[in-house]
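Residue numbers (the numbering used here), protein chains in the order written: chain A, 163 to 414; chain B, 4 to 246. Glycine residues also receive a C-beta, built at the ideal position from the N, C-alpha and C atoms. Comments concern the structure below.
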């Protein structure tokens with residue numbers, strides 16, 4: 163029996179590109195023929211759901227009933243991987259809730275796989291977020307994401323200080339999301355389709371669209387770099403090695 | 004079967020090798036056959052092609068993404084209108100860097116567009132480097148050296164521009180005498196208008212036009228043959244090739 167995997171994408175600050183990372187992540191998993199479901203915690207109006215409506219539910223992560231909807235179904239869902247796009251400011255709160263409901267203990271007992279994508283902001287306060295998140299990360303894969311998609315610069319950080327925070331966490335990885343051309347970014351937003359659909363020139367209904375070839379080229383190049391980062395940290399091995407093997411066997 | 008759309012990129016990594024002259028002649032070659040043609044003048048701060056053939060030519064810029072879209076989105080359009088790009092040496096690197104980034108070569112194959120790069124060299128080593136870069140980075144893009152005999156000492160450097168598998172043998176554009184050169188450099192001069200009105204088909208200029216247009220026809224035949232060979236491949240192999 164395959165272990166369920168939960169991937170949390172969050173930050174304690176808004177506007178750092180959480181949903182961008184979630185979207186690229188869903189595209190990546192689907193491209194590997196891995197069945198995945200997603201929860202968008204931007205309740206009541208989800209952003210992630212706009213791009214991946216078929217596999218995304220909008221939930222209020224602070225409500226017990228919605229927590230049950232997510233976590234009580236981990237083992238029974240057809241999709242063994244669950245991606246949760248955490249609303250701005252709720253990362254630490256969510257991690258605390260997960261500890262309280264025994265989820266982190268289950269991860270410790272290797273009954274499930276838990277991975278956190280922590281999207282960093284440019285300010286020094288982000289380092290404090292790392293420190294806070296670290297207290298919950300004993301048995302999780304922890305991926306720090308430097309997201310440049312919004313033209314963010316991280317120059318405020320002293321590398322030594324950053325490393326002192328980063329190295330507190332066992333099994334921590336760092337990935338970089340490069341900048342995507344603003345117009346390309348904007349057009350994908352307007353199209354409300356997954357990045358892979360935009361690249362393939364398909365609209366939300368799967369019909370041929372007329373997106374600019376240049377913009378599609380930029381998105382393809384950018385998405386390739388993002389997926390390259392996921393490959394570099396061996397994301398599939400972290401969350402779904404056995405699932406991918408089964409998918410490959412099915413395809414063969 | 005619909006005829007594929009040709010897209011010729013006339014370029015060089017060196018200035019003053021006759022790119023604009025070749026682009027002008029190419030546009031008029033399509034006009035002579037009453038075929039639709041659209042040209043792009045990609046020479047920053049020095050639009051020349053557009054001065055000669057403003058009815059067919061648009062000034063193109065690579066300064067921002069809007070300019071890139073205006074150029075590349077047209078180039079990959081399989082609308083049956085032949086495209087001619089006069090790409091100056093200043094933007095040579097940038098154009099091909101963008102083309103590689105957005106995977107121009109794969110997209111044109113999907114759209115039934117048959118591109119060909121016509122590289123006009125001179126004796127400078129930077130021309131050799133530019134040609135080598137194209138050959139190395141764009142192996143599937145048909146690349147043809149175009150030796151303009153008006154370029155000094157080019158005959159001694161032909162070895163630096165070997166034929167490519169995808170483009171075939173080089174073509175040669177004959178040099179014109181100084182007087183004729185000054186005639187064709189006039190903005191109002193038209194190759195097809197001259198050929199239509201001249202009674203002397205043995206004149207140097209008439210011969211130049213005939214030789215040059217025949218060379219262009221030869222290039223089109225190469226493209227057509229390559230496209231037919233590609234379409235004759237099993238579908239799975241074509242898909243792998245364009246992925």
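TODO: Compute the Euclidean distance between the alpha carbons of residue 234/B and residue 112/B, then round it to the nearest angstrom.
DONE: 10 Å
Task: Selection of the segment 362 to 387 of chain A by Cβ proximity to chain B, strictly under 8 Å - done: 374, 375, 376, 377, 378, 379, 380, 382 and 383
Task: C-alpha distance - residue 402/A paired with residue 237/A, whole-angstrom precision - done: 14 Å
- [ ] Answer with buried or exposed for residue 167/A, where buried requires no fewer than 16 other C-beta atoms within 10 angstroms of its C-beta.
- [x] buried
- [ ] Measuring only between beta-carbons, confirm whether residue 245/B sits less than 9 Å from chain A.
- [x] With a pLDDT of only 48 at residue 245/B, under the threshold of 50, the placement of this residue in the model should not be trusted, and no figure is reported.
TODO: Buried or exposed for residue 133/B, please, with buried defined as at least 16 other CB atoms from any protein chain shown within 10 angstroms of its CB.
DONE: buried
- [ ] Report, in whole angstroms, the separation of the C-beta atoms of residue 361/A and residue 381/A, which I expect to be a contact under 8 Å.
- [x] 5 Å
- [ ] For residue 72/B, go through chain A and note every residue whose CB falls closer than 9 Å to its CB, in chain order.
- [x] 345, 374, 375, 376 and 377
Open item on the list: Check this for me: beta carbons of residue 245/A and residue 295/A, under 9 Å apart or not?
Closed with: no
- [ ] Could you work out which residues of chain A lie near residue 96/B, taking near to mean beta carbons separated by less than 8 Å?
- [x] In chain order: nothing, as chain A lies at least about 17 Å away.
TODO: Report yes or no: do three or more beta-carbon pairs, one from the segment 36 to 53 of chain B and one from the segment 115 to 131 of chain B, lie closer than 8 Å?
DONE: no
Open item on the list: Just checking: is the beta-carbon of residue 110/B within a distance shorter than 9 Å of some beta-carbon in chain A?
Closed with: yes
Open item on the list: Can you tell me whether residue 171/A is buried or exposed? The criterion is at least 16 other CB atoms within 10 Å of its CB, across all chains shown.
Closed with: buried
Task: Burial state of residue 299/A (16 or more Cβ within 10 Å) - done: buried
- [ ] For chain A, find out if any of its Cβ atoms is closer than 9 Å to the Cβ of residue 101/B; answer yes or no.
- [x] yes
Open item on the list: With distance defined between alpha-carbon atoms, name the residue in 192/A, 187/A and 180/A nearest to residue 208/A.
Closed with: 180/A
- [ ] Any chance you could list the alpha helix (DSSP H) runs of at least 4 consecutive residues sitting entirely within the segment 178 to 252 of chain A, in chain order?
- [x] 180 to 193, 210 to 213 and 226 to 233
Task: Nearest to residue 54/B (by Cα), restricted to the options 77/B, 215/B and 190/B - done: 190/B
Open item on the list: Could you check whether residue 75/B and residue 249/B sit closer than 9 Å to each other, using their CB atoms as the reference points?
Closed with: Coverage of chain B is limited to positions 4 through 246, which leaves residue 249/B absent and any answer about it impossible.
- [ ] Report the option in 91/B, 141/B and 216/B whose CA atom is closest to the CA atom of residue 108/B.
- [x] 141/B
Task: Sheet register partners of residue 119/B (DSSP bridge) - done: 11/B
TODO: Kindly indicate the opening and closing residues of the beta strand (DSSP E) around residue 336/A.
DONE: 334 to 339
TODO: Taking residue 137/B as part of the alpha helix (DSSP H), name the residues at either end of that continuous run.
DONE: 128 to 140
TODO: Note down the Cα distance separating residue 61/B from residue 212/A, rounded to an integer number of angstroms.
DONE: 39 Å
TODO: Find the residues of chain A that neighbour residue 106/B, judging by a C-beta separation of less than 7 Å, and give them in chain order.
DONE: 379 and 382
Task: Short Cβ contact (9 Å threshold) for residue 216/B with residue 28/B - done: yes
Task: Interface flag, residue 79/B vs chain A, CB-CB below 9 Å - done: yes
Task: Interface residues of the segment 167 to 193 of chain B facing chain A [CB-CB below 8 Å] - done: none
Task: chain A within 9 Å of residue 68/B, Cβ atoms only - done: yes
- [ ] Just mark residue 246/B as buried or exposed, buried being the case when its beta carbon has 16 or more other beta carbons within 10 Å.
- [x] Below a pLDDT of 50, predicted positions are generally treated as unreliable, and residue 246/B, at 41, falls in that range; no measurement from the model is reported.
TODO: Taking all protein chains shown into account, decide if residue 156/B is buried (16 or more other Cβ within 10 angstroms of its Cβ) or exposed.
DONE: exposed
Task: Nearest to residue 231/B (by Cα), restricted to the options 116/B, 52/B, 200/B and 11/B - done: 116/B
Open item on the list: Using the three-state DSSP reduction, which class does residue 246/B fall into: helix, strand or coil?
Closed with: At residue 246/B, the pLDDT of 41 sits below 50, so the modelled position is not reliable; the number obtained from the coordinates is stated separately. Of the three classes helix, strand and coil, the one that applies to residue 246/B here is coil, per DSSP.
Open item on the list: Quick check: the segment 10 to 21 of chain B against the segment 77 to 87 of chain B, are at least 3 beta-carbon pairs closer than 8 Å?
Closed with: yes
Task: chain A residues whose Cβ lies nearer than 8 Å to that of residue 76/B - done: 374, 375 and 376
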